[in-house]
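S.K.: Per our numbering: the sequence shown = residues 50 to 247.
Even glycine gets a Cβ: it sits at the ideal position worked out from N, Cα and C.
Let me give you the structure first, and then I'll get to my questions.
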Amino acid sequence: MLTKSEHTKQYILETVAPIFNKHGYAATSLSDITSATGLTKGAIYGNFKNKEELSIAAFKHNVKKLMALISKHIEKSDSPIGKLYLIADFYRDYYSISKTYGGCPVLNIGVDANNQNSELLEKVRVVIERIQDQVATMIENGIEAGEISTEINAMQYAKRIDSMIQGAVFMTYTMDDEFYMNDAMDQIDTMITNELKV
50 MLTKSEHTKQ YILETVAPIF NKHGYAATSL SDITSATGLT KGAIYGNFKN KEELSIAAFK
110 HNVKKLMALI SKHIEKSDSP IGKLYLIADF YRDYYSISKT YGGCPVLNIG VDANNQNSEL
170 LEKVRVVIER IQDQVATMIE NGIEAGEIST EINAMQYAKR IDSMIQGAVF MTYTMDDEFY
230 MNDAMDQIDT MITNELKV
């Protein structure tokens, strides 16, 4: 059971996370936060030490929600290579899914925090490394299961897949055109079939 303070903190995060994600750290003002939540400055800073702490919590909140969606989607297969195909499948709908969060938090906050907020940028880097580690583990599991070639460098392919996804996210949002996402996911599917699969 959440306490009243925990409820307030959760409410602030739910309300403010998409705003930070959409407008960035520097462009989100305290008045934006108080206006959106209907709470006073004192109520905000009674729950979060400062704007930076709130922005980091908001970033983590958005990433956690999106990662939960990806995790649920890849549970549709027990096969490691099946899970890789399901990652590409998930990202085919990512544009519409991530719009409800104000965009892709990894891309938005990564670009926004670069040269502006080193602590927030470090959090983005940690998330990217975690994602790449998880994909590399899937590939390693596929090698152990005899589904993926033993010649494959798991981390190299994990980074390649992640960079193809992030590049496609950037182009899809910038051009407002899902062609980039769908085309990149087709390329990932082809790469899994032709380069990874035994």
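Per DSSP, what kind of secondary structure is residue 98 in: helix, strand or coil?
M.R.: coil
S.K.: So what does DSSP say about residue 146, is it helix, strand or coil?
M.R.: Residue 146: helix per DSSP, three-state reduction.
S.K.: Which residue marks the beginning of the alpha helix (DSSP H) containing residue 137, and which one marks its end?
M.R.: Residue 137: member of the alpha helix (DSSP H) spanning 129-140, first to last residue.
S.K.: Contact check, residue 61 vs residue 77 under 8 Å by CB: the rounded distance?
M.R.: With a Cβ gap of about 13 Å, residue 61 and residue 77 do not count as contacting.
S.K.: Is the beta carbon of residue 71 closer than 8 Å to that of residue 79?
M.R.: Result no, Cβ atoms of residue 79 and residue 71 do not sit closer than 8 Å.
S.K.: Which same chain residues, not among the five before or five after residue 135, have their C-beta less than 7 Å away from its C-beta?
M.R.: Setting aside the 5 residues that flank it on each side, residue 135 is surrounded in the same chain by 122, 123, 125, 126, each with a C-beta closer than 7 Å to its C-beta; the list follows chain order.
S.K.: Does the structure place the region 184-193 close enough to the region 201-219 that three or more beta carbon pairs sit under 8 Å?
M.R.: A contact exists between the region 201-219 and the region 184-193.
S.K.: State buried or exposed for residue 242, treating a residue as buried only when at least 16 other CB atoms are found within 10 Å of its CB.
M.R.: By the 10 Å Cβ count, residue 242 comes out exposed.
S.K.: Given a cut-off of 8 Å, decide if residue 218 and residue 169 are closer than it, judged by their beta-carbon atoms.
M.R.: No, Cβ-Cβ distance for residue 169 and residue 218 is not below 8 Å.
S.K.: Assign residue 197 to one of three DSSP states: helix, strand, or coil.
M.R.: strand
S.K.: For residue 234 versus residue 141, is the C-beta distance shorter than 8 Å?
M.R.: yes
S.K.: Count the C-beta pairs between the region 214-233 and the region 142-153 that are closer than 8 Å, then say yes if the count reaches three, no if not.
M.R.: yes
S.K.: Pick helix, strand or coil for residue 71, following the three-state DSSP scheme.
M.R.: helix
S.K.: Taking only the alpha-carbon atoms, compute the straight-line gap between residue 129 and residue 196 and give it to the nearest angstrom.
M.R.: 8 Å
S.K.: By how many angstroms is the C-alpha of residue 105 removed from the C-alpha of residue 236?
M.R.: 33 Å
S.K.: Kindly indicate which three-state DSSP category residue 125 falls into: helix, strand or coil?
M.R.: coil
S.K.: Distance check for residue 52 and residue 213, CA to CA, integer angstroms please.
M.R.: 43 Å
S.K.: Just tell me which of 238, 228, 54 has its CA closest to the CA of residue 144.
M.R.: 228
S.K.: DSSP has residue 246 in a bridge; who is on the other side?
M.R.: 197
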